[in-house]
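Student: Attaching a single structure in structure tokens format; questions to follow.
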Amino acid sequence: LLLSISFLIAATVLVVTPLIHDLVILSILFFVQGISQGVTDLGGTSLMLAMWGDNAAAPLNAVHLGYGFGAVFANVIVKPFLVEDITTPALKDSTTSPISQTSNIQTPYSISAGLCLLICIGHCIFAIREQRIQREALTNRSVEYSSVSTTIANEKKEIEIETKNVSQYSPKSCGKGFFTYGLLMSIVLIFYMFFLSGNDQTFGKFFFAFVKSPEFEISTSGATWYMILYWLSYSVGRLICMVITVYIPVHLCLIGLWVFGLSVAVGWYIFVWQITLTSTSLLILGAFTGLIFSPTFPLSFGFLNQRLNTNPLLIGLLLCGSASGGMFFQKIGGIVLDTNRKHFPTLLIICVIFSIILFTIAFIISTIYEKKINSNKNLNNTIPINKQNLPISEEEQQMEKYLTNTEQL
């Protein structure tokens, strides 16, 4: 239901945005759209992690694959409605601002709004169907005690007895019973997502402006093709990792991606500062950047879902760190493009280095505590379980009472 409301808000904002000509009102609309996207990210990510558990890496890549394809689709439908930049002499030689009669940006916005509305309707149908199923299950519920395995239920209670009373707001709940482990991993991963998303969002949004730099002499139409190729490679990267993570552990995939990512970042530095960056090298570097860095976001959530007990609060904090990194580095990216465009790849290098450092710290901490958790599990398995002291469920009590009354009759 929350996802339906979020997509309905997004559809409404997309329809209204081309009609707004006031910057303050437009900022408010973007703020509302940001709220809807935040709810969508939180709800969708929580749902995927809960459904797939330790095997969430491949499904997350499959779901996030739509992000890249959606960006390609957006650039394709927007491209026919873009016009070339209005030059300063054109404004000086005219008493009125030249307005293009061929551009109607409302059309692609309306198409996107229509797609959001269809997704909203789809979520509504699933929400209504789920409520109906739950209502029928409660109405027609009949307890079949013959198929109840009290041994499995009691063993599960014995395993979870240490964490069942822990609040979701405590780091112990996500740290698999270890307060220090949960706290350290949460802090490290929040900062990790800060730099990871700062790189992902800043590069994707400012690559078009960087391509439009005067030294490259690339038209608006040509720059759009650069963006289309970037988002295509972005999608291909997630598609490849979707298959690879079925056979290779997630942490090994992330290690390999960060090694290649550092190589790409160094390549950007060499071409920008040591070798002259041409339109061809810019195209190749942009494609490799999308290919390498695109899977890191979904794989990172798959990694933390294996190392922590994720809950909506933890996911929300991680997404807050992600959004904060996006805001911070996009602000810095705007300043860089206004002052010295050559430092734009420098932001990429900074984000990559800090992401690698923080991922290494998280991997070391989680490896140490995984050994401790496994040793505790082995110790618990050697201790005999006294089933007489285990708590009896309400259903078992009702069944025992029913059998007693039957014997008396």
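So for the sequence shown, UniProt numbering puts the first residue at 1; every next one is plus one.
Built from N, CA and C at the ideal position, the CB exists for glycine as well.
Looking at the secondary structure, which residues open and close the alpha helix (DSSP H) in which W268 lies?
Tutor: It spans V250 to Y269 - the alpha helix (DSSP H) in which W268 sits, taken as one unbroken run.
Student: Looking at the structure shown, is E217 part of a helix, part of a strand, or coil, going by DSSP?
Tutor: Secondary structure at E217: coil, using DSSP grouped into helix, strand and coil.
Student: Considering just the uninterrupted stretch of the alpha helix (DSSP H) at T139, what are its terminal residues?
Tutor: Per DSSP, T139 is one residue of the alpha helix (DSSP H) stretching across Q106 to T139.
Student: Which same chain residues end up closer than 6 Å to I159 when comparing Cβ atoms and leaving out the 5 residues on each side of it in sequence?
Tutor: With a pLDDT of 39 at I159, under the threshold of 50, the modelled position of this residue cannot be trusted; read the value that follows with caution. There are no such residues.
Student: Using DSSP with H/G/I as helix, E/B as strand and the rest coil, what is I152?
Tutor: Because the pLDDT of I152 is 39, which lies under 50, any placement of that residue in the model is unreliable, and the question is left without a value.
Student: So the alpha helix (DSSP H) T280 belongs to, where does it begin and stop?
Tutor: Run containing T280: S279 to F293, per the alpha helix (DSSP H) assignment.
Student: Under 7 Å Cβ to Cβ from T310, same chain only, skipping five residues before and after it: list those, please.
Tutor: L49, C174 and L304
Student: Assuming F191 and L358 are in contact, meaning their beta carbons sit under 8 Å apart, how far apart are those beta carbons, in whole angstroms?
Tutor: 6 Å
Student: Whose C-alpha, out of L26, D41 and L3, is nearest the C-alpha of G321?
Tutor: D41
Student: Is it buried or exposed for I99, if we count other Cβ within 10 angstroms and need 16 for buried?
Tutor: Because I99 carries a pLDDT of 44, less than 50, the predicted location of this residue cannot be relied on, and the following value inherits that uncertainty. When all chains shown are included, I99 counts as exposed.
Student: Can you grab the Cα-Cα spacing for the pair V16 / Y109, in whole Å?
Tutor: Distance from the CA atom of V16 to the CA atom of Y109, rounded to whole angstroms, is 9 Å.
Student: Determine the contact status of I77 and I111, defining contact as a CB-CB distance below 7 Å.
Tutor: yes
Student: For G43, collect the residues of the same chain with a Cβ closer than 6 Å to its Cβ; drop the 5 residues on either side in sequence, then sort them by chain order.
Tutor: Only L2 and L3 meet the Cβ criterion.
Student: If you compare alpha carbons, which of T12, D22, A58 and L14 is closest to C241?
Tutor: A58
Student: Classify P249: buried if its beta carbon has 16 or more other beta carbons within 10 angstroms, exposed otherwise.
Tutor: With fewer than 16 other Cβ atoms within 10 Å, it is exposed.
Student: Leaving out five residues on either side along the sequence, give the residues of the same chain with a beta carbon under 8 Å from the beta carbon of I349.
Tutor: A265, V266, W268 and Y269
Student: Residues in its own chain within less than 7 Å of G68 by CB, not counting five upstream and five downstream?
Tutor: A distance below 7 Å between beta-carbons, with the five flanking residues on each side excluded, links G68 to the following residues of its chain, in chain order: W231, Y234, S235, R238 and S294.
Student: Quick one: any contact between the segment 326-335 and the segment 281-296, if contact means 3 or more CB pairs under 8 Å?
Tutor: no
Student: Quick check on I364 - is its C-beta less than 7 Å from some C-beta in chain B?
Tutor: Annotation note: the requested chain B is absent from the structure, which comprises a single protein chain.
Student: Please confirm whether P171 and L183 have their CB atoms less than 7 Å apart.
Tutor: A contact, by the Cβ cut-off of 7 Å.
Student: Exposed or buried, what is W273 when buried is set at 16 or more other beta-carbons lying within 10 Å of its beta-carbon?
Tutor: exposed
Student: Taking C-alpha atoms, which residue in F30, A56 and I28 lies nearest to residue 412?
Tutor: Since the first residue of the chain shown is 1 and the last is 409, residue 412 is not available in this structure.
Student: Between F179, Y181, L282 and A127, which has its C-alpha nearest F344's C-alpha?
Tutor: L282
Student: If we count the other Cβ atoms within 10 Å of its Cβ and call it buried at 16 or more, is residue 419 buried or exposed?
Tutor: Absent from the structure is residue 419, since the part of the chain shown begins at 1 and ends at 409.
Student: In the structure shown, what three-state DSSP assignment does T346 receive?
Tutor: helix
Student: Within the continuous alpha helix (DSSP H) that includes residue 462, where are the two ends?
Tutor: As shown, the chain starts at 1 and ends at 409. That puts residue 462 outside it, with no answer to give.
Student: What separation, rounded to the nearest whole angstrom, lies between the Cα atoms of P80 and S27?
Tutor: 26 Å
Student: Within its chain, find whatever has a CB closer than 8 Å to the CB of F206; leave out the 5 residues flanking it on each side and keep chain order.
Tutor: Q330, G333, G334, L337 and F344
Student: Using the C-alpha atoms, what's the distance from V24 back to G256?
Tutor: Each residue's alpha carbon lies about 44 Å from the other.
Student: Can you check whether the CB of L65 is closer than 7 Å to the CB of G302?
Tutor: No.
Student: Go through its chain and collect everything with a Cβ distance to F194's Cβ below 8 Å, but skip five positions before and after it.
Tutor: G321, S322, S324, G325 and F328
Student: Which residue marks the beginning of the alpha helix (DSSP H) containing P59, and which one marks its end?
Tutor: A57 to V78
Student: Whole angstroms is fine: what's the gap from M51's alpha carbon to Q306's?
Tutor: 13 Å
Student: Nearest to residue 424 by alpha carbon, out of E215, Q106, L285 and T339?
Tutor: In the structure as shown, the chain starts at 1 and stops at 409, and residue 424 therefore has no counterpart that could be examined.
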